[in-house]
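Data block below; observations after.
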Amino acid sequence: MREDPVSEMSEDDDRSPPSDLGGPASVTVSSNKTRNCTGVCGSGSSSIEFQAPYPDQVLENVLESVLYFLTSRRDRSAASLVCKSWYRAEALTRSELFIGNCYAVSPRRATRRFTRVRSMSIKGKPRFADFNLMPTNWGAYFTPWVAAMAKAYPWLEKVYLKRMSVSDDDLALLSESFPGFKELVLVCCEGFGTSGLAVVASKCRQLRVLDLIESEVMDDDVDWISFFPESQIYLESLTFDCVECHVNFEALEKLVIRSPSLKKLRLNRLVSIGQLYRLMIRAPQLTHLGTGSFSTLEVNAQGEQEPDYISAFSASKSLVCLSGFRDIWSDYLPAIYPVCANLTNLNFSYANINPDQLKSVICYCGNLQIFWVLDSICDEGLQAVAAKCKELRELRVFPVDPSEDAEGPVSEVGLQAISEGCRNLQSILYFCQRMTNAAVIAMSKNCPDLVVFRLCIMGRLRPDHLTGEPMDEGFGAIVRNCKKLTRLAVSGLLTDRAFGYIGKYGKLVRTLSVAFAGDSDMGLKYVLEGCPKLEKLEIRDSPFGDAALSSGLHHYYNMRFLWMSSCKLSRQGCREIARALPHLVVEVMKTDLEAEVGDYVETLYMYRSLEGPRDDTPQSVEIL
Amino acid sequence: MESKMAYENDLNLKATELRLGLPGTDECEDQALSGTVGNKKRPMPEKSEERESKDAETAPPAKAQIVGWPPVRSYRKNSLQQKKPEAEIAGMYVKVSMDGAPYLRKIDMRVYKGYPELLKALEDMFKFTVGEYSEREGYKGSEYVPTYEDKDGDWMLVGDVPWDMFMSSCKKLRIMKGSEARGLGCGA
Chain A
1 MREDPVSEMS EDDDRSPPSD LGGPASVTVS SNKTRNCTGV CGSGSSSIEF QAPYPDQVLE
61 NVLESVLYFL TSRRDRSAAS LVCKSWYRAE ALTRSELFIG NCYAVSPRRA TRRFTRVRSM
121 SIKGKPRFAD FNLMPTNWGA YFTPWVAAMA KAYPWLEKVY LKRMSVSDDD LALLSESFPG
181 FKELVLVCCE GFGTSGLAVV ASKCRQLRVL DLIESEVMDD DVDWISFFPE SQIYLESLTF
241 DCVECHVNFE ALEKLVIRSP SLKKLRLNRL VSIGQLYRLM IRAPQLTHLG TGSFSTLEVN
301 AQGEQEPDYI SAFSASKSLV CLSGFRDIWS DYLPAIYPVC ANLTNLNFSY ANINPDQLKS
361 VICYCGNLQI FWVLDSICDE GLQAVAAKCK ELRELRVFPV DPSEDAEGPV SEVGLQAISE
421 GCRNLQSILY FCQRMTNAAV IAMSKNCPDL VVFRLCIMGR LRPDHLTGEP MDEGFGAIVR
481 NCKKLTRLAV SGLLTDRAFG YIGKYGKLVR TLSVAFAGDS DMGLKYVLEG CPKLEKLEIR
541 DSPFGDAALS SGLHHYYNMR FLWMSSCKLS RQGCREIARA LPHLVVEVMK TDLEAEVGDY
601 VETLYMYRSL EGPRDDTPQS VEIL
Chain B
1 MESKMAYEND LNLKATELRL GLPGTDECED QALSGTVGNK KRPMPEKSEE RESKDAETAP
61 PAKAQIVGWP PVRSYRKNSL QQKKPEAEIA GMYVKVSMDG APYLRKIDMR VYKGYPELLK
121 ALEDMFKFTV GEYSEREGYK GSEYVPTYED KDGDWMLVGD VPWDMFMSSC KKLRIMKGSE
181 ARGLGCGA
């Protein structure tokens with residue numbers, strides 16, 4: 001029987017804290033590795049130890065005690081492969097289960113193998129779903145998972161979901177099934193509304209964390225904030241900045257008052273600065289604050305005395321992370337000066353501020369490690385960041401005007417400046433309209449610790465705007481010089497040469513994003529043949545065809561998924577892959593349901609799975 | 001080859017070209033030229049054209065709106081579209097400051113039909129009164145005087161120009177102490 005590879009999934013570069021979580025369940029065949037272990041039937045079921053010598057029993061107990069401390073899921077997966085005894089011990093001691101692709105393994109299989117899980121993390125749709133490239137009802141439903149968990153894990157404490165479809169009923173079942181439930185984090189999820197939130201608030205009596213991040217929450221006209229218990233509550237983190245409906249402010253204020261453990265509070269844009277003030281003075285112990293609108297929402301309020309916002313920030317001596325500023329009125333910006341020196345994380349990515357306004361703040365932020373901002377600050381603003389923020393680890397520059405033909409206030413000048421000033425940079429996401437190879441090469445040399453390099457030149461096929469050359473050399477330098485690089489997103493005019501570089505030097509690359517790049521099949525071949533650690537590959541609008549696709553047959557079982565849309569694939573080519581690799585689910589999607597089913601494949605999404613084709617596909621998805 | 005065609009389409013400068021060279025060397029030069037054109041990288045516009053025609057079979061036309069590009073999440077796109085930078089809507093939402101007051105206010109100019117309404121609103125908002133306005137003497141006798149900054153960056157007395165002109169040129173309002181406003185009595 002073919003041995004399944006150890007399914008180790010990489011962490012996404014997302015906002016979740018980099019806690020080590022368990023790997024997805026995989027059936028491991030270890031027949032050639034078994035030692036004198038007791039006979040075990042199935043995974044996780046009770047063992048029939050009719051022949052157990054006493055020393056082995058002791059060994060197992062010791063093993064369990066030791067494995068209890070093993071937190072890294074990669075280490076755990078490795079440990080589970082040693083022999084059946086270790087497999088069993090590892091399964092019994094894994095308390096954090098991470099499912100990188102909800103369709104790679106079924107809830108039943110996962111809950112049967114791992115019986116003592118306290119924390120579940122599940123990821124659903126691939127990232128390109130965020131950009132409207134997938135049908136809306138594609139799948140990734142939480143329902144079967146919560147149903148299985150409700151039966152298997154009564155002591156479950158934490159659920160983290162990313163890009164899953166979650167219904168109000170799912171939330172209700174979750175709230176009823178786990179009396180000790182403590183943390184719910186939903187990132188980029190949809191399908192539920194304020195009624196679901198109300199159930200969670202009222203029934204999860206031990207709730208410490210309720211974080212809704214970039215999720216779509218339907219407005220069911222339910223005042224969910226009022227559903228939290230009247231007594232003192234243990235709430236430590238409440239994030240609802242993505243919720244687009246009003247919350248009952250009086251109820252929110254009372255909630256904050258009776259939550260002495262509250263450390264993280266992220267308000268939505270419908271909370272005015274005046275309301276923010278009232279909450280801040282109730283919770284000076286906050287470490288993470290999302291400020292909401294950061295402006296007065298009623299424009300013609302009759303001359304009320306404005307509160308002293310500066311004093312509120314001065315009193316918040318523990319603030320290290322600041323975000324929000326959804327409708328910022330820049331005159332209020334000076335209010336945050338008192339906390340700037342302590343900030344390690346500042347998110348201005350919704351604040352349309354100009355260079356001068358940015359400078360007035362950044363000059364105080366010497367300890368900043370994570371900085372998200374809009375390109376409205378221009379190259380000039382980035383130069384100021386580079387001059388002050390020597391500890392910067394992560395930078396994200398988003399476009400105010402996310403269109404191809406926009407002005408483009410940031411360029412290679414800003415990137416160069418950052419590379420010179422922020423030598424400890426580990427992660428960068430940079431949207432711009434023009435770039436040069438020289439600046440990218442400079443960054444590759446100045447910032448050797450780069451782990452994540454994502455450059456998005458918004459105009460498609462744009463070359464180096466000074467030399468007219470393709471951007472091959474820049475990205476080549478990145479993979480060559482940044483020895484720790486695991487995540488790369490490329491853009492601009494790129495030939496197969498760029499992919500040659502990636503295949504040759506990108507030996508640690510796990511995630512690669514490609515759009516409008518390459519000349520021929522060779523490009524994709526270089527990558528599939530050259531990058532042994534590649535786990536997630538997303539490609540759109542690039543001239544790669546069936547021949548390139550087949551060059552990856554040796555590697556697809558080691559990957560979480562491959563996405564290719566608007567490339568040069570045919571059904572025949574995809575079908576061949578499906579035939580060659582029975583444990584790969586090959587999904588072909590079409591956006592236009594009326595279109596005839598010709599040979600051309602608009603979108604291919606394929607992933608390894610222990611379960612075979614799923615049964616919840618919409619009409620627009622076909623599994624080959 | 002492209003180069004040669006381009007040459008011919010041009011003003012046939014070759015015919016009028018002055019150069020030193022034996023007759024008959026022309027051909028070689030041409031061949032050499034087209035040879036190098038084939039080898040070296042083509043200039044940018046041609047390459048992208050070629051790419052675009054290649055893509056035409058498999059992707060929508062070049063400059064049409066592409067789905068999901070640039071890769072910014074709709075949530076973020078929508079959030080940014082909802083608001084405009086303050087500069088873009090100057091003349092509608094206008095900041096109002098008053099000497100001595102710690103914070104500015106913002107008013108929507110479209111709400112007011114004329115000067116009397118505007119002045120009344122300012123008086124209510126900042127708890128002060130203005131005196132009679134006269135063209136010759138401005139707001140004589142007032143403790144505070146309403147002024148505004150116009151598009152040229154000049155500070156003007158509120159009331160000097162017709163309301164519509166004021167609406168379109170007013171960038172900022174400042175309620176000055178009467179003593180400082182003496183020089184503005186004459187308007188633009």
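Note that the protein sequences, when read in sequence, are chains A and B.
At position 306 of the first sequence (counting the first as 1) the number is 306 in UniProt numbering, and the numbers step up by one without a gap.
At position 137 of the second sequence (counting the first as 1) the number is 137 in UniProt numbering, and the numbers step up by one without a gap.
For each residue, glycine too, the CB sits at the ideal point set by N, CA and C.
At a cut-off of 8 angstroms, the C-beta of Cys574(A) has no neighbouring C-beta in chain B. Taking a contact to require three or more Cβ pairs closer than 8 angstroms, the region 182-201 of chain A and the region 218-230 of chain A qualify as touching. In the three-state reduction of the DSSP assignment, Cys574(A) falls in the helix class. Our two residues, Leu92(A) and Leu493(A), have alpha carbons roughly 51 angstroms apart in a direct line. Straight across, the Cα-Cα distance linking Glu176(A) with Val111(B) is about 52 angstroms.
Taken in chain order, the complete beta strand (DSSP E) segments of 3 or more residues contained in the region 341-365 of chain A are 345-348. Cβ contact annotation for Lys525(A) (same chain, cutoff 6 angstroms, sequence separation greater than five): Ala548, Ser551, in chain order.
With a cutoff of 8 angstroms on beta-carbon distance, Arg393(A) and Asn424(A) are scored as near each other. For Lys95(B), the closest alpha carbon among the candidates Met125(B), Thr129(B), Pro70(B), Arg174(B) is that of Arg174(B).
Within the region 218-283 of chain A, the complete beta strand (DSSP E) segments of 3 residues or longer fall at 237-239, 264-267, listed in chain order. For the pair Ala121(B) and Pro307(A), the Cα-to-Cα distance works out to about 21 angstroms.
With a threshold of 8 angstroms between beta carbons, Arg326(A) makes contact with chain B. Minimum Cα-Cα distance from Ala517(A) among the listed residues Val527(A), Asp541(A), Leu297(A) corresponds to Asp541(A). Taking 8 angstroms as the cut-off, the beta carbon of Phe325(A) is found closer than this to the beta carbon of Tyr350(A). Boundaries of the alpha helix (DSSP H) harbouring Gly381(A): 378-388, taken from the DSSP string.
Rounded to the nearest whole angstrom, the C-alpha separation of Leu485(A) and Glu214(A) is 27 angstroms.
For Ala515(A), the uninterrupted beta strand (DSSP E) segment begins and ends at 511-515. Around Trp155(B), no beta-carbon contact reaches into chain A at under 9 angstroms, the shortest distance being about 19 angstroms. The residues Asp375, Cys378, Asp379, Leu382, Val397, Cys432, in chain order, have a CB closer than 7 angstroms to that of Val410(A) in the same chain once the five nearest residues on each side in sequence are set aside.
Only buried fits Ser237(A), as 16 or more other CB atoms lie within 10 angstroms of its CB. Listed as beta-bridge partners of Ile328(A) by DSSP are no residues whatsoever. Judged by DSSP secondary structure, Glu602(A) falls within the beta strand (DSSP E) whose first and last residues are 600-608.
With distances taken between CA atoms, Leu450(A) lies nearest to Ala489(A) out of Ser167(A), Ala489(A), Pro470(A), Thr143(A).
At least 8 angstroms separates the beta-carbon of Ala387(A) from that of Gly414(A). For Ile66(B), the secondary structure class from DSSP, reduced to helix, strand or coil, is coil. Closest by C-alpha distance to Leu395(A), out of Ala198(A), Arg282(A), Cys363(A), Asn345(A), is Asn345(A). In this structure, DSSP gives Leu466(A) a state outside helix and strand, which the three-state scheme calls coil. For Val94(B), no CB of chain A lies under 8 angstroms from its own CB, so it is not counted at the interface with that chain. For Arg74(A), the uninterrupted alpha helix (DSSP H) segment begins and ends at 73-80.
Interface annotation, Pro146(B): not in contact with chain A, CB-CB separation never under 8 angstroms. Per the coordinates, the alpha-carbon of Leu80(B) lies some 9 angstroms from the alpha-carbon of Pro402(A). For the region 199-224 of chain A, the set of residues with a beta-carbon nearer than 9 angstroms to any beta-carbon of chain B comprises Glu214, Ser215, Glu216, in chain order.
Around the C-beta of Gln57(A), fewer than 16 other C-beta atoms lie within 10 Å, and the residue is accordingly described as exposed. When the five nearest sequence neighbours on each side are left out, the beta carbons in the same chain lying within less than 7 angstroms of the beta carbon of Gly178(B) are those of Ser142, Glu143, Tyr144, Val145, in order along the chain. For the C-beta of Asn132(A), the chain B residues within less than 8 angstroms are, from N- to C-terminus, Val67, Gly68, Ser74. Counting every other CB atom within 10 Å of its CB across the protein chains shown gives Arg136(B) a total below 16, marking it as exposed.
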